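Q: To start, I am sharing the structure in question, which I have written as structure tokens.
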Amino acid sequence: MRSALALSLLALLALSPPTTALAKKHAHSGAAAAQGVRHAPKAKPSKAYGHRADAMQLATELAQRHSLNPTWVKAQLAQAQYQPSVARLMMPPPAGVAKNWAAYRARFIEPDRVRAGAAFWAAHEAWLDAAERRWGVPAELVIGIIGVETFYGRVTGNYRVLDALATLSLDFPKGRSDRSEFFRSELGEFLKLAQAQNLPTNEVKGSYAGAIGLGQFMPGSINRYAVDFDGDGRVDMGGIQSGAAADVIGSIANYLAEHGWQRGMPSHFEVKPPSSSADRAALLQPDILPSFTSAQMADRGAVLDGQGLSHAGLLALVALQNGEAAPSHIAGTQNFYAVTRYNHSAYYALAVIELGRAVAAAR
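Structure follows, in structure tokens:
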């Protein structure tokens with residue numbers, strides 16, 4: 212990611228199916244391995260950041276920003292190691308790799324993942340039902356996010372989060388838009404989280420982008436949106452402590468609700484786009500942001516299919532490329548947009564929705 216989670220990171224990686232997360236505006240590991248081989252920067256030898264003045268200066272800044280003990284922060288960051296593979300994985304896909312919704316979909320809506328999702332649902336049905344009652348987020352959507360992000364806990368990441376975030380804070384790879392400031396913020400959030408929950412910073416594992424646990428929340432998303440859903444006095448996102456699912460389920464639902472999920476509203480409708488290229492371009496211009504009423508879309512020549520359109524609110528005409536084949540289109544609602552807050556990708560959001568539906572149908 213979820214993104215999020217779910218923050219949870221997936222728009223740092225321009226979509227070459229897939230990336231996400233925590234994404235999301237930032238990449239989450241379960242959906243982060245894009246098709247094709249990524250070009251890596253020249254590898255640097257692994258080294259400790261404790262010997263670098265810029266790392267110690269960053270420690271001072273983060274301690275001040277988050278009201279942490281500067282000596283403690285410096286000691287934590289001194290343990291961090293530069294990880295060449297983190298920098299390599301953060302690089303964009305090779306130029307010319309076409310987006311392909313059909314290929315992306317096939318990676319996630321497949322028998323093994325559907326079976327794992329059904330088993331996860333059966334094991335945690337009570338928490339999924341409780342989250343749906345409280346936040347209005349369907350159980351199948353939470354199931355879809357966990358399945359895309361981490362294959363229901365099979366792939367949560369093996370990088371020390373401290374190393375990943377330090378690498379991307381202090382040695383963000385050249386050749387793509389610099390997001391080091393974002394990762395510096397997340398490194399501070401991670402240290403804040405570690406101190407609040409008494410976590411050993413050198414033991415917490417996650418994705419190459421620093422996303423943690425079953426829902427691949429970035430540390431900042433954990434601090435802002437994670438909930439103690441089972442009431443045991445701690446927030447356990449899975450991968451930090453015991454891996455309990457209750458807090459993950461509740462936190463994903465809370466994240467989506469905080470990002471605009473509307474109880475009872477469909478995520479999207481089937482649509483035939485306008486035949487006129489000018490009308491089609493006008494409807495596609497806002498991308499995934501809902502901007503048109505169903506009547507306005509119809510006036511432009513879009514043919515919408517589905518019940519409940521009169522209560523759907525604003526819609527977005529969303530195009531998903533299929534390589535050299537014709538693109539697929541949907542009309543996304545505010546709820547579709549809310550899912551893209553976990554990972555800023557229509558491909559990701561539709562994969563989450565369709566995986567959840569497939570798991571629900573298989574139960």
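Heads up, the sequence shown is in our numbering, so the first residue is 212 and it goes up one at a time. Don't be surprised by glycine CBs; every beta carbon is placed ideally from N, CA and C. Since the structure is predicted, the reported quantities are computational estimates derived from the model, not experimental observations.
#1: Use the C-beta contact count for residue 658: other C-beta atoms within 10 angstroms, 16 or more gives buried, fewer gives exposed.
#2: Along the chain, where does the beta strand (DSSP E) containing residue 543 start, and where does it finish?
#3: By alpha-carbon positions, which one of 374, 361, 331 and 299 ends up nearest to residue 291?
#4: Check whether the segment 520-528 and the segment 476-486 are in contact - that is, three or more C-beta pairs closer than 8 Å.
#5: I'd like the ranges of any alpha helix (DSSP H) spanning at least 4 consecutive residues and lying wholly in the segment 269-302.
#6: Considering only the beta carbon of each residue, do residue 284 and residue 402 sit closer than 8 Å?
#7: Using the beta-carbon count (16 or more within 10 Å), is residue 563 buried or exposed?
#8: Does the separation of the CB atoms of residue 388 and residue 431 fall below 8 Å?
#9: Below 6 Å CB to CB, which residues in the same chain sit around residue 398 once its five sequence neighbours on both sides are set aside?
#10: Flag this pair as yes or no: are the beta carbons of residue 339 and residue 463 separated by less than 8 Å?
#11: In the structure shown, what three-state DSSP assignment does residue 499 receive?
#12: Using 8 Å as the threshold, is the C-beta distance between residue 364 and residue 449 below it?
#13: Alpha carbon to alpha carbon, how far is residue 358 from residue 336?
#14: For the alpha helix (DSSP H) that residue 465 lies in, which residues bound it at each end?
#15: Assuming contact is defined by CB atoms lying nearer than 8 Å, are residue 370 and residue 417 in contact in what I supplied?
#16: Report the rounded CA-to-CA distance for residue 560 versus residue 457, giving the unit in angstroms.
#17: Go ahead and label residue 262 buried or exposed: buried means 16 or more other beta carbons lie within 10 angstroms of its beta carbon, across all protein chains shown.
#18: Would you mind working out which of 531, 266, 330 and 470 sits nearest residue 288, comparing C-alpha positions?
#19: By alpha-carbon positions, which one of 512, 341, 259 and 393 ends up nearest to residue 441?
#20: To the nearest angstrom, report how far apart residue 570 and residue 469 are at their CA atoms.
#21: Hey, is the segment 494-506 in contact with the segment 540-552, meaning 3+ C-beta pairs nearer than 8 Å?
#22: Reducing DSSP to helix, strand and coil, say where residue 442 ends up.
#23: Taking the beta strand (DSSP E) that residue 482 falls in, what are its first and last residues?
A: Let me lay it out:
#1: No statement about residue 658 is possible, as the shown extent of the chain runs from 212 to 574 and does not include it.
#2: Taking the first residue of the sequence shown as position 1, residue 543 is located at position 332. From DSSP, the beta strand (DSSP E) with residue 543 extends over 536-543.
#3: By 1-based counting over the sequence shown, the position of residue 291 is 80. Closest option to residue 291, Cα to Cα, is 374.
#4: yes
#5: 281-289 and 295-300
#6: Within the sequence shown, residue 284 is the residue found at index 73, counting from 1. Within the sequence shown, residue 402 is the residue found at index 191, counting from 1. In contact: residue 284 and residue 402 (Cβ atoms closer than 8 Å).
#7: Working through the sequence shown from its first residue, we reach residue 563 at position 352. By the 10 Å Cβ count, residue 563 comes out buried.
#8: The residue you call residue 388 lines up with position 177 of the sequence shown. The residue you call residue 431 lines up with position 220 of the sequence shown. No; because the gap between Cβ atoms is not below 8 Å, this pair is not in contact.
#9: What you label residue 398 is simply residue 187 of the sequence shown in a count that begins at 1. If we look at residue 398 and ignore the five residues flanking it on each side, its Cβ neighbours are 376 and 380.
#10: Along the sequence shown, read from residue 1 onward, the residue named residue 339 stands at position 128. Along the sequence shown, read from residue 1 onward, the residue named residue 463 stands at position 252. Not closer than 8 Å, so no.
#11: As a first step, residue 499 is located in the sequence shown; it is residue number 288 there, counting from the start. Residue 499 falls in the coil class under three-state DSSP.
#12: In the sequence shown, counting from the first residue as 1, residue 364 sits at position 153. In the sequence shown, counting from the first residue as 1, residue 449 sits at position 238. Closer than 8 Å, so yes.
#13: Reading the sequence shown from its first residue, position 147 is the one you call residue 358. Reading the sequence shown from its first residue, position 125 is the one you call residue 336. C-alpha separation (whole angstroms): 15 Å.
#14: Counting from 1 along the sequence shown, the entry for residue 465 is found at position 254. From DSSP, the alpha helix (DSSP H) with residue 465 extends over 456-469.
#15: Mapped onto the sequence shown, residue 370 falls at position 159. Mapped onto the sequence shown, residue 417 falls at position 206. Yes, they are a contact pair.
#16: By 1-based counting over the sequence shown, the position of residue 560 is 349. By 1-based counting over the sequence shown, the position of residue 457 is 246. Going from the Cα of residue 560 to the Cα of residue 457 covers about 22 Å.
#17: If you number the sequence shown from 1, residue 262 lands on position 51. Under this definition residue 262 is an exposed residue.
#18: For the purposes of this step, residue 288 is identified with residue 77 of the sequence shown, where counting begins at 1. Out of 531, 266, 330 and 470, 266 has the C-alpha closest to the C-alpha of residue 288.
#19: Counting from one through the sequence shown, the residue named residue 441 turns up at place 230. Checked all of 512, 341, 259 and 393; the closest Cα to residue 441 is 341.
#20: On the sequence shown, position 359 is the one that residue 570 refers to. On the sequence shown, position 258 is the one that residue 469 refers to. The straight-line gap from Cα to Cα measures roughly 25 Å.
#21: yes
#22: Here residue 442 corresponds to residue number 231 of the sequence shown, with the count starting at 1. If DSSP states are grouped into helix, strand and coil, residue 442 belongs with coil.
#23: As a working note, residue 482 is residue 271 in the sequence shown. Taken as a continuous stretch (DSSP letters only), the beta strand (DSSP E) holding residue 482 covers 479-483.
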